[in-house]
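Asks:
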Amino acid sequence: MEENCSTGKSIGACNESEPGKSTVRHGDAVDTSITPEVGMQFETHEAARLFYDQYARHKGFSTKIKRSWKRGRSDELSAILYSCSKAGSKHENKNTQFERGTSLTDCKAEMRVKRMDTMKWKVTEVVLDHNHELVPSSVDLYRPNRCISSGVRRKLKKRLVCQPLSTQNHMNNIPSEMNKLLDIQPISYLREAEGTVCTPADIKELPGSYIYIIDMPGLKSDDIKVQVEDNNILSVCGERKKNEREDPEAKFIRIERVGKFMRRFTLPANANVDSISAVCRDAVVTITVAKIPPPEPKRPKVIEVKVG
1 MEENCSTGKS IGACNESEPG KSTVRHGDAV DTSITPEVGM QFETHEAARL FYDQYARHKG
61 FSTKIKRSWK RGRSDELSAI LYSCSKAGSK HENKNTQFER GTSLTDCKAE MRVKRMDTMK
121 WKVTEVVLDH NHELVPSSVD LYRPNRCISS GVRRKLKKRL VCQPLSTQNH MNNIPSEMNK
181 LLDIQPISYL REAEGTVCTP ADIKELPGSY IYIIDMPGLK SDDIKVQVED NNILSVCGER
241 KKNEREDPEA KFIRIERVGK FMRRFTLPAN ANVDSISAVC RDAVVTITVA KIPPPEPKRP
301 KVIEVKVG
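Below is the structure:
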């Protein structure tokens with residue numbers, strides 16, 4: 001059995017359709033300057049949700065389905081209550097040791113639509129006031145609005161299959177992928193890091209220097225490049241290329257030994273970038289970075305006391 005309108009501050013009651021109200025169909029372009037009003041009609045509840053979502057994006061909040069009603073014992077929807085995503089409040093649990101934060105503010109903003117006998121959906125209740133700040137510039141950060149297009153998703157899947165990388169390399173590539181989505185030109189070292197393998201490394205601190213020990217399997221000293229970027233980033237990279245003298249009739253079933261190796265380290269504040277040496281032995285690169293000696297303590301100035 002169908003329920004009555006939910007409680008809350010509303011602009012209008014559950015009245016019948018008003019003359020002059022237009023009907024919005026699913027797929028129609030929605031004018032974001034239009035404010036939800038009691039009496040608006042939609043062809044489907046999806047069209048109503050689309051209208052409320054676009055209105056919310058224009059104002060600076062996200063939406064959710066707070067509640068829905070069905071007609072009798074059937075599965076047919078009879079009414080839906082759309083609300084601000086910050087509606088509701090967190091239930092306290094005394095048995096919880098650590099409380100997690102919540103974004104719920106018990107916001108009352110909502111829009112309820114009801115299916116009429118004409119099979120159209122009509123707005124029967126609207127609450128526009130929010131009890132929190134609306135930030136249109138941050139609306140894409142809300143969880144309901146986070147999405148990746150199908151084209152970008154296919155490109156990422158293809159890259160994962162063609163270039164199997166370690167978890168750390170995937171994390172290093174995230175800034176570059178985000179810059180591509182936002183059409184921001186990535187900085188050079190992030191662009192060069194794509195498709196590279198992160199090799200193991202050890203770092204030791206001695207009284208007068210820092211020692212970086214990095215595995216570069218299958219590489220000669222001429223294939224390894226060590227440099228300092230931005231005066232505080234130690235970059236070690238190399239590339240193992242395919243042997244051009246391979247038998248032309250040979251067919252590779254798997255190729256994993258060919259590729260780039262790269263590691264980057266942020267140098268300590270007391271590292272002397274003008275005193276760095278590197279040695280490659282048995283495919284292991286050992287880099288020694290000298291420390292800047294600490295300043296000598298100032299000696300007290302001795303003043304001679306004369307006897308007057």
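In terms of UniProt numbering, the sequence shown is residues 1 to 308. Note that the Cβ used here is the ideal one computed from N, Cα and C, for glycine as well.
Kindly provide the ranges of any beta strand (DSSP E) runs that are 3 or more residues long and lie completely inside the region 271 to 300, ordered along the chain.
Replies: Runs of the beta strand (DSSP E) inside the region 271 to 300: 271 to 281, 284 to 291.
Asks: If we call anything under 8 Å between Cβ atoms a contact, is Val-135 one with Pro-36?
Replies: Taking 8 Å as the Cβ cut-off, Val-135 and Pro-36 do not qualify as a contacting pair.
Asks: Quick one: using the 10 Å Cβ neighbour count with 16 as the cut-off for buried, is Leu-234 buried or exposed?
Replies: Classification for Leu-234: buried.
Asks: DSSP on Ala-79, reduced to helix/strand/coil?
Replies: Of the three classes helix, strand and coil, the one that applies to Ala-79 here is strand, per DSSP.
Asks: Among Ser-62, Leu-77, Thr-199, Asp-140, which has the Cα closest to the Cα of His-132?
Replies: The shortest Cα separation from His-132 among Ser-62, Leu-77, Thr-199, Asp-140 belongs to Ser-62.
Asks: So does Glu-125 have its beta carbon nearer than 7 Å to some heavy atom of the ligand PLP?
Replies: As presented, the structure is devoid of all ligands, the ligand PLP included, so that no description of it is given.
Asks: Where does Ile-253 fall in DSSP's three states?
Replies: Three-state DSSP puts Ile-253 in coil, outside helix and strand.
Asks: For Gly-238, which beta-bridge partners are listed by DSSP?
Replies: Partner(s): Ile-224, Phe-261.
Asks: What residue does the alpha helix (DSSP H) around Ala-201 start on, and which one ends it?
Replies: Note, Ala-201: premise wrong, no alpha helix (DSSP H); beta strand (DSSP E) at 201 to 205.
Asks: Terminal residues of the continuous beta strand (DSSP E) containing Glu-110?
Replies: Its beta strand (DSSP E) spans residues 110 to 115.
Asks: Do you know offhand how far Leu-104's Cα is from Val-236's?
Replies: C-alpha separation (whole angstroms): 47 Å.
Asks: Taking the alpha carbon of Ala-48 as the point to measure from, which residue in Pro-293, Trp-121, Phe-265 has its own alpha carbon closest?
Replies: With distances taken between Cα atoms, Ala-48 lies closest to Trp-121.
Asks: Starting from the C-beta of Glu-192, find all residues in its chain whose C-beta is less than 7 Å away, skip the five residues before and the five after it, and write them out in chain order.
Replies: Caution applies to Glu-192, whose pLDDT of 43 falls short of 50 and renders its modelled position unreliable; the value that the coordinates give is listed next. Excluding sequence neighbours, Glu-192 sits near nothing in its chain.
Asks: Considering only C-alpha positions, which residue in the set Met-171, Asp-53, Glu-92 is nearest to Asp-140?
Replies: For the residues Met-171, Asp-53, Glu-92, the minimum Cα distance to Asp-140 belongs to Asp-53.
Asks: What do you get for Gly-238, buried or exposed, if any count of 16 or more other CB atoms within 10 angstroms of its CB means buried?
Replies: So Gly-238 counts as buried.
Asks: May I have the straight-line CA-CA distance separating Ile-303 from Ser-209, to the nearest angstrom?
Replies: Computed Cα separation, rounded: 39 Å.
Asks: Let's see if you can read the secondary structure: which residues bound the beta strand (DSSP E) around Asp-215?
Replies: Residues 209 to 215.
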